[in-house]
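Here the structure is laid out as structure tokens; the discussion comes afterwards.
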Amino acid sequence: MSFSSPNSSQSGVATIGYQFVIAVLFGALFFLAPLTISQLQIAGLDPQMLACVPDSFRQYLIWLATAFFLCALFTFFDMKRPQNVRKPLAFYVTLSFFLFYLVLTRALHFPMCVDDAYIDFRYVINWVNNIGFDYNPTERVMGFTSHLHIALLTMLLAIFKSVDLGIISQNLNTALSILCYFLTFIFVRGIAGSGTTALMSAAVFALLPYAFQESMSGKEAVLLMALMLACLLSIQKNKPHQIALYSALILLTRPEGAVWCVLAFMWTLRDYGKAAIKAWIGPALILGLVGGLLYAAYGTVVPHSLLGKSLMFYKPFMLMDLVLVLRRLADGTLIPELNYFISKPWSDVYDFARLYAGVIVLLLTYKLLDIGALRFYGLTVFAYFLVFSILNPYLFPWYFGWFGLVPVFLVPIMVSKLYSAIKQKYVPSRGASLQKTLAIFALIVLCSVQIVQQPFRAVPGLPAITFWWNGAFQRLLIYKKAALAIKEDDPSTISDIASPEVGVIGHYYPGPILDLGGLVCDNVLKYGPPPKELQVGTGLFSIIPKIIEDMKPRYIITDASFAATGLIKEPWFFEKYKQFKFYPLQLWSDGFYVYKLKEPGSDK
77 MSFSSPNSSQ SGVATIGYQF VIAVLFGALF FLAPLTISQL QIAGLDPQML ACVPDSFRQY
137 LIWLATAFFL CALFTFFDMK RPQNVRKPLA FYVTLSFFLF YLVLTRALHF PMCVDDAYID
197 FRYVINWVNN IGFDYNPTER VMGFTSHLHI ALLTMLLAIF KSVDLGIISQ NLNTALSILC
257 YFLTFIFVRG IAGSGTTALM SAAVFALLPY AFQESMSGKE AVLLMALMLA CLLSIQKNKP
317 HQIALYSALI LLTRPEGAVW CVLAFMWTLR DYGKAAIKAW IGPALILGLV GGLLYAAYGT
377 VVPHSLLGKS LMFYKPFMLM DLVLVLRRLA DGTLIPELNY FISKPWSDVY DFARLYAGVI
437 VLLLTYKLLD IGALRFYGLT VFAYFLVFSI LNPYLFPWYF GWFGLVPVFL VPIMVSKLYS
497 AIKQKYVPSR GASLQKTLAI FALIVLCSVQ IVQQPFRAVP GLPAITFWWN GAFQRLLIYK
557 KAALAIKEDD PSTISDIASP EVGVIGHYYP GPILDLGGLV CDNVLKYGPP PKELQVGTGL
617 FSIIPKIIED MKPRYIITDA SFAATGLIKE PWFFEKYKQF KFYPLQLWSD GFYVYKLKEP
677 GSDK
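For reference, each letter of the sequence shown is one residue, going 77 to 680 in this note's numbering.
Now the structure itself:
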């Protein structure tokens with residue numbers, strides 16, 4: 077399965093012309109902005125978010141134009157490669173189509189990231205505005221884990237000071253997604269020797285729901301995938317110095333990158349001997365320098381969030397992360413990743429299917445990712461599967477970035493092998509006919525997964541791959557409203573706010589924040605771990621009442637579920653605190669409460 081092309085400037089101009097036509101058709105979606113706003117109003121979205129829709133469409137046009145320019149440039153030089161290719165127009169136009177689809181899914185979103193991203197943002201804002209290196213001034217706590225992502229955001233905010241950092245982060249991820257698209261194509265074509273397989277890999281990355289959800293989240297998963305692709309490309313091209321450098325950057329992106337570094341060092345040592353040691357000297361010095369700066373600033377190189385989660389969060393059930401990783405491996409590969417609600421018992425059936433399909437994907441990873449750098453990536457997949465399963469931490473979505481490239485590599489390889497099996501001439505027999513039938517069925521399933529997993533919205537207008545919204549994002553708007561209400565109640569912003577989720581709150585309220593989860597506050601860790609009587613079902617966190625009793629924060633913002641098992645059952649709580657605000661939301665409870673410390677002598 078391959079396309080090939082005569083090396084002709086006339087053919088190149090025609091191909092780029094058709095790419096321009098495709099870009100214009102995608103650009104015509106801009107005129108759906110008014111319809112999108114009206115239909116999202118019917119869906120009951122918050123007016124604050126609806127007001128952002130026109131800007132998102134303008135942002136989309138800018139990225140679409142950028143993507144066309146980059147694709148045209150890539151096509152122009154790629155068609156000059158020595159290899160002759162048949163049907164260049166169909167091949168490169170398809171390449172541009174999925175690139176423009178990638179831009180559609182990454183750019184058309186509300187400027188609302190996940191809560192943890194706003195923890196990173198507060199550090200960045202404090203640094204750029206010379207407030208200090210801490211989340212709360214004078215409190216030395218390294219509450220972030222992605223040092224490289226933080227550094228990139230800091231540089232970008234220093235340049236674009238008037239732009240909201242959430243928008244900057246999402247646009248950075250859009251740029252990184254485009255980079256991943258081209259790196260995927262170049263890497264797979266080089267290792268598989270097939271342009272069609274490479275095109276399928278790039279298309280799977282563009283279609284992958286996990287990839288565009290993490291782009292929207294504002295966290296570091298897309299940066300991680302870009303660095304992994306760059307490192308794999310360096311392995312393929314036998315560049316030990318680049319392998320070492322990218323591995324070091326991967327470690328600076330996620331703490332678990334230490335596993336990748338160890339495996340990459342062993343891989344290069346095996347292939348290059350003493351030359352590998354020389355290649356690692358520079359990156360090792362970079363890591364040492366960063367570690368020294370972190371130690372000087374925070375007195376440690378261990379992210380404080382690791383300590384907070386280990387002490388303040390409930391330990392997941394034994395081997396729970398083994399199950400979560402297997403389900404993630406299945407998503408986008410053998411099972412469609414569905415983002416719309418499925419009611420019981422079908423949701424249980426779906427989860428079991430994901431679990432067992434994940435086992436098959438793990439076996440297929442071992443069997444099919446067996447060529448050069450793909451073998452190295454397969455090795456890392458198994459290593460992270462074992463590390464997460466044994467350590468059993470609570471896995472946030474961006475942790476799964478280590479497995480994010482599995483569908484991108486595995487699906488095209490399976491499709492190619494199934495297509496070859498179908499085209500192969502068999503000696504007529506019942507067994508041969510059955511094999512061909514099964515191959516056709518499997519090929520249909522693989523292609524259907526990529527289509528079915530694209531989420532939808534049950535209202536007219538654009539599909540839910542754009543302007544994706546759910547209750548979890550609605551709660552972030554509530555945190556914003558609560559923070560602004562407290563800021564209005566106390567314009568001096570010297571009062572402290574306590575909350576189990578501090579990201580958005582700390583972004584919109586510059587005053588002191590008491591993180592009841594201990595991710596960015598050290599003074600609450602002495603109260604952990606929480607007693608077992610606070611835990612209910614599969615909940616992961618509850619407020620420890622003793623923290624509130626001793627520290628007496630002036631304001632408390634919490635979903636009712638975090639306080640239900642302990643805080644509101646304490647007899648002293650309503651003697652000292654009164655309800656200040658309530659925001660209804662049927663998510664984990666009836667809604668979100670804001671409590672305020674009573675003034676001395678007040679019983680109201």
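All residues carry an ideal CB built from backbone N, CA and C; glycine is no exception.
Relative to the Cα of Pro647, the nearest Cα in the group Lys622, Tyr659, Phe668, Trp664 belongs to Lys622.
Annotated as proximal: Ile267 and Ile447, with beta-carbon spacing under 8 Å.
Ala320 is classed as buried because its beta carbon has at least 16 other beta carbons within 10 Å across all chains shown.
Annotation for Pro660: the continuous beta strand (DSSP E) segment containing it runs 653–660. Exposed is the label assigned to Gly375, since fewer than 16 other Cβ atoms lie within 10 Å of its Cβ. According to DSSP, residue pairing for Ile311 in a beta bridge does not occur.
A Cβ-Cβ contact shorter than 8 Å links Trp474 with Lys295. DSSP, read as helix, strand or coil, puts Tyr585 in coil.
The way I'd put it, the segment 574–594 does touch the segment 192–205; three or more beta-carbon pairs between them come closer than 8 Å. Non-local C-beta neighbours of Arg182 in its own chain, meaning closer than 6 Å and more than five positions away in sequence, comprise Thr250, Ser253, Phe288, Ser291, ordered along the chain.
Note on Tyr371: under 16 other CB atoms within 10 angstroms of its CB, so exposed under the neighbour-count rule.
Taking every protein chain shown into account, the CB of Ala352 has 16 or more other CB atoms within 10 angstroms, so this residue is buried.
Shortest Cα-Cα distance from Gln530 to any of Ala109, Tyr286, Leu175, Val169 involves Tyr286. Comparing alpha-carbon positions, the option among Asp598, Thr641, Ile633 lying closest to Pro607 turns out to be Thr641.
The C-alpha of Tyr257 lies about 11 Å from the C-alpha of Ser172. Contact check for Gly88 and Leu595: beta-carbon distance about 52 Å, past the 8 Å limit, so the pair fails to qualify. If you keep only unbroken beta strand (DSSP E) runs of at least 3 residues inside the segment 565–611, you get 573–575, 589–591.
Phe543 is positioned such that its CB atom lies no closer than 8 Å to that of Leu146. Residue range 350–374 is occupied by the alpha helix (DSSP H) that includes Tyr371, with no beta strand (DSSP E) assigned at that position.
For Phe668, the pairing in a beta bridge is given by DSSP as Asp635, Tyr659.
Around the beta-carbon of Ser419, fewer than 16 other beta-carbon atoms lie within 10 Å, marking it exposed. In the three-state scheme derived from DSSP, where H, G and I count as helix and E and B as strand, Leu445 is classed as coil. Distances from the alpha-carbon of Phe107 to those of Leu121, Phe133, Val399 put Phe133 closest. Taking the CA atoms as reference points, Leu410 sits about 6 Å from Ala433. Burial is judged here by how many other beta carbons sit within 10 angstroms of a residue's own beta carbon; Gly454 has at least 16 and is buried.
The beta carbons of Ala449 and Gln312 sit closer together than 8 Å. One thing to note: Ala639 has its Cβ no nearer than 8 Å to the Cβ of Asp666. For Leu229 and Lys512, the gap between their C-alpha atoms comes out near 52 Å. Between Ile554 and Leu431, the gap from beta carbon to beta carbon reaches 8 Å or more. Beyond the five residues adjoining it in sequence on each side, Phe549 comes within less than 8 Å, by CB distance, of Phe186, Met188 in the same chain, given in chain order. Sequence-distant partners of Val200 (beyond 5 residues in either direction) whose C-beta falls short of 7 Å from its own C-beta, in its chain, are Ile226, Leu229, Thr230, Leu233, Leu241.
Using a Cβ-Cβ distance cut-off of 8 Å, the segment 461–468 and the segment 389–400 are in contact, since at least three pairs of beta carbons, one from each stretch, lie closer than that value.
In the DSSP annotation of this structure, the continuous segment of the alpha helix (DSSP H) that includes Ser386 starts and ends at 380–388.
Look at the beta carbons and you see the segment 566–574 touching the segment 587–605: at least three pairs across the two are nearer than 8 Å. Residue state for Leu284 is assigned as coil, using DSSP reduced to three classes.
In this chain, the alpha helix (DSSP H) harbouring Gly242 covers 241–268.
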